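Written below as structure tokens is the structure these notes are about.
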Amino acid sequence: MAPQTTEAKADGKRYDQDSIQVKEGIEHVRARPAMYIGDVYERGLHHLVSEVVDNSIDEAMAGYCTEISVTLHEDGAITILDNGRGIPVGIHKKVGKPTLEVCLTVLGAGGKFDKDSYKVSGGLHGVGVSCVNALSEWLEATVYRDGKEYRMRFERGRTTKELEEVGPTQRRGTKITFKPDDEIFRQGTRFDYDTIASRLRELAYLNAGLKITLCDERGDEERSEVFHFPKGLREFVAWLATSEENLLREPVFLKGRVDSPDSGGAVEVEIALQYQDTYNETIATYTNNINTIEGGTHLTGFRTALTSSMNAWLKENKNAFKKLKEDERPSGDDYREGLVAVISVRVPEPQFEGQTKTKLGNSDVAGIVQSVVGQHLRAWCEQRPAEAKKIVGKALQARKARIAARRAKDLVRMRKDALGGGGVAKLKNCDSKKPEECELYLVEGDSAGGTATDARDPRTQAILPLRGKILNVWKATHEKMLSHQEIATIIQVLETGVLADFDLSKLRYHKIIIMCDADVDGSHIRTLILTFFFRQMPELISAGHVYLAQPPLFKVTPKGKRRKKGESEDAHSKYLMDAESLEQELTRLGLEGTRLVRSQGEGLEASGEELERLIATVKDVLRVARDLEKKQIELRAYLARQKEGRLPFARVHQPGGKGGKAVYSEEELDEWLRAARERKPDLKVWSPGDPLEERPRADFEIVRFKTPKQKLEAALAVLGEYDLGWEDLFAPEQQQGEELVHPFALVRGSEREALRSLADLPAAVETLGQRGVEVQRYKGLGEMDADELEETTMKPGKRVLVRVTIDDMAGANKMFSTLMGSKVEPRRNYIEEHALSVAADELDA
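In structure tokens, the structure reads:
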């Protein structure tokens, strides 16, 4: 019987046994990367770093690693170096290949599955460094083990250089350097320093005594930070609690270890807590170094034990609180007012659940945490009765405020303009009753609210104007918050309720869009609204319902363009979101009808796509020039060292820059190092990514130009197609008093713009482009009419919205506390530290 075949009627394509493809290992990771790292955007990109760092953290948790260094290189690569045991390099019995190669090329290979290697392992997905290898343009692994240095190289997950023994070493550990593949991460492969710093800081707090160094070589000046916290969680809580007055002299620290067969072994519990003179609760929870944003059983156990332990102490010491009745004991909510706590548990076999798999589900952990907290917190109370009295006293005050807030909430419900009554007077509601298609715009000011009302789609878009700056809820009581007109209105309109009554399922609008001016006041109002949502309705943010509108920054309008009958005034205008888009538009306009020629002689005439290509090439060269300047190398000097059409790959020099030698390939560099080690076996060579403390003791330093070399050789090839050389990038050298020479010119009609060098080309074309247009920079929503606002900011398909997310709850708490808290000094220090990093066009004049 012949095999059956199914023909697709729509397009006639065959679907049979030959249609089924089987992809294994590396191929499957590259074909479906989102299955392994979540997505191929910024979050997935940084997940690669976490996977490698987690391996080093596992070594630290097992007691074998004390230092980790992370270096961001200017070529887009990143290096993670630890001083652990080093990945084994011997031949793996089952596979017949070096174990290092197996770990880097076989999915699921590693020591995390062997309880003798790691009792507890970090990392949420555990896809391993083999997945990182598969999604990297290239990866180099160096192992320092048993007194020897070993190295391997891979490209897109495939081995390109077999394991080699480089030579003797006194180091121990593993160094992984990789560059993400732009074929996978097509929206960009640039690592964000702050994202990585936030995670490394968190890991250093969670692993007391571990030293983590982060260095960024990409900026005009190197940035570096050292995260080292010998007291671990106690310092974490102190860091989170710096923006308000602390109630306790020092944080409470609780630690315990309980065997649990249900969780695969011993569960370790560490908790630090502090109280502040504020009304907010800040609790960060972690399982095996994973930020469990949605909480879980460890949080449940802690909350239960906190309330029962403190109330038990209160019962035994009721004489310290005169006239206290039995039914006036504080509730759990009261004990959590002003609380700052970090809960960290280490579970051999964690079970995660929830929408984002960041909620701990092990049922036995609740009882374990409850037991540890109950035992140690009661002991702490007995040892420090004065401190315990402060906690109970604050909770009793919170109870009184809670009862007052309940009355205020009841008054809010009974207001005449409450929903279900006459509605909110200034709310311009939408017609649709389907929450999933409804949008609520929170607009700054009645004037902008009126324009937005005219610009909206009344079927799905509702407008709520907000008058002035709303209350800063970070330092307000619940009673004061609920009595504030604008906040009470927002609560009514959303229909979710607030505090203990909050119910996300009742949300009236599934898109809440904050639309404010692009000035200082607008930024302040936006921050106050986000503070309210973060503090009182964080579920709105974590569920992805909060957005920021992005009005355009520039409007470009042609001068003297005649309108056709029926055309609007802005029919030929363009709206641009940022300075980069403006630069691209002016370049496009400047290219129209423009030719680049030599001022004397023939041989060059570039226009249209050719001229556009030359501009892009010159911009690439200028970017590389800035990168080389960071290494104290001038572009002209580097280009002048060409040898047989090749540019230097690296420079080897003695400390202080003396005795520099240029090498033109990696093979040539390796050969030089081999020869140098034969002459001096204990030769010490330092290169970026190695520990900084080893640099002063090095015999030689290596400065690699891998990316500049590739980019400049590609640029020179393009210039060569137009009979141009690298010398044309620079203005001709002239003697003092000589007339300036302009080798090139831009010609457009009767206009002629002389150029001293090709480096002047991009700016000159932009200048030509700007001559025929008017550029307007918007400062506020009030400068737009309803049609402009609709087309640029409110119309689906044309607008740009930014969804607000929280990846680092502890970091977000710290940031809000610093900027919105009552202490002035932390806010001033933050502003002074970051003021110089703000670009000039981000400042409000």
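My numbering numbers the first residue of the sequence shown as 36 and each following residue consecutively.
Don't be surprised by glycine CBs; every beta carbon is placed ideally from N, CA and C.
No experiment lies behind these values; they were computed from the predicted model shown.
- Three or more beta-carbon pairs separated by less than 8 Å link the region 110-123 to the region 198-209, which places the two stretches in contact.
- Rounded to whole angstroms, the separation of the alpha carbons of Pro365 and Ala436 is 11 Å.
- Taken atom to atom, the span from the alpha-carbon of Asp758 to that of Gly638 is near 7 Å.
- By the C-beta density criterion, Ile522 is buried, having at least 16 other C-beta atoms within 10 angstroms.
- Straight across, the Cα-Cα distance linking Arg234 with Val632 is about 52 Å.
- Cβ-Cβ distances below 8 Å link Asn168 to Ile61, Leu139, Thr140, Leu174, Phe189, Gly192, Phe213 in the same chain, with the five nearest sequence neighbours on each side left out; the list follows chain order.
- Here Ser642 really is in contact with Arg630; their C-beta atoms are around 4 Å apart, less than 8 Å.
- Beta-bridge partners of Trp173 (DSSP): Lys214.
- About 7 Å separates the Cβ atoms of Gly79 and Ala69, confirming a contact at the 8 Å cut-off.
- Between Glu109 and the set Tyr240, Arg253, Ala243, the nearest pair of CA atoms involves Arg253.
- Taking 4 residues as the minimum length, the alpha helix (DSSP H) runs contained wholly in the region 222-248 are 228-241, in order along the chain.
- In the three-state DSSP reduction, Pro296 falls in the helix class (H, G or I).
- Listed as beta-bridge partners of Ser379 by DSSP are Glu305, Tyr321.
- Separation of Leu624 and Lys654 (C-alpha to C-alpha, rounded to the nearest whole angstrom) is 17 Å.
- Taking C-beta atoms under 8 Å as the contact rule, Tyr321 and Glu372 fail to qualify, at a distance of about 23 Å.
- Counting the other Cβ atoms within 10 Å of the Cβ of Arg269 gives 16 or more, which makes it buried.
- Every unbroken stretch of the beta strand (DSSP E) spanning 3 or more residues and falling wholly within the region 497-573 is given here in chain order: 546-550.
- Around the beta carbon of Leu775, fewer than 16 other beta carbons sit within 10 angstroms, so the residue counts as exposed.
- In summary, Pro420 is exposed, with fewer than 16 beta-carbon neighbours lying within 10 Å of its beta-carbon over all protein chains present.
- The straight-line gap separating the alpha-carbon atoms of Thr827 and Ala487 is approximately 12 Å.
- Beta-bridge annotation (DSSP): Cys250 is paired with Thr106, Ser259.
- Cβ atoms of Leu135 and Ile122 come within 8 Å of each other, at about 5 Å.
- Where Asp117 is concerned, the enclosing beta strand (DSSP E) starts and stops at 113-117.
- DSSP lists Leu395 as the bridge partner or partners of Gly331.
- For the set Phe567, His81, Glu197, Thr194, the Cα lying nearest the Cα of Gly223 is the one of His81.
- In the same chain as Glu316, and ignoring 5 residues on each side of it, the C-beta atoms closer than 7 Å to its own belong to Arg371, Glu372, Leu374, in chain order.
- Using a Cβ distance threshold of 8 Å, Gln418 and Ala340 do not count as a contacting pair.
- Here the region 509-525 does not lie against the region 776-785, with fewer than 3 beta-carbon pairs under 8 Å apart.
- Annotated three-state conformation of Val656 is helix, per DSSP.
- Its chain contains Ile737 as the residues whose beta carbon lies nearer than 6 Å to that of Ser722, once the 5 sequence neighbours on both sides are disregarded; these appear in chain order.
- If the five residues before and after Arg338 are omitted, its C-beta is found closer than 6 Å to the C-beta atoms of Gly367, all from its own chain and listed in chain order.
- Counting only the Cα atoms, Phe568 lies some 12 Å from Ile841.
- Cβ-Cβ separation between Arg413 and Asp369: approximately 19 Å, too far for a contact (criterion under 8 Å).
- Checking the DSSP bridge columns, you'll see Asn90 has no partner listed.
- Distances from the alpha-carbon of Cys100 to those of Thr327, Ala243, Gly695 put Ala243 closest.
- Following the DSSP letters along the chain, one finds Ser616 inside the alpha helix (DSSP H) bounded by residues 614-626.
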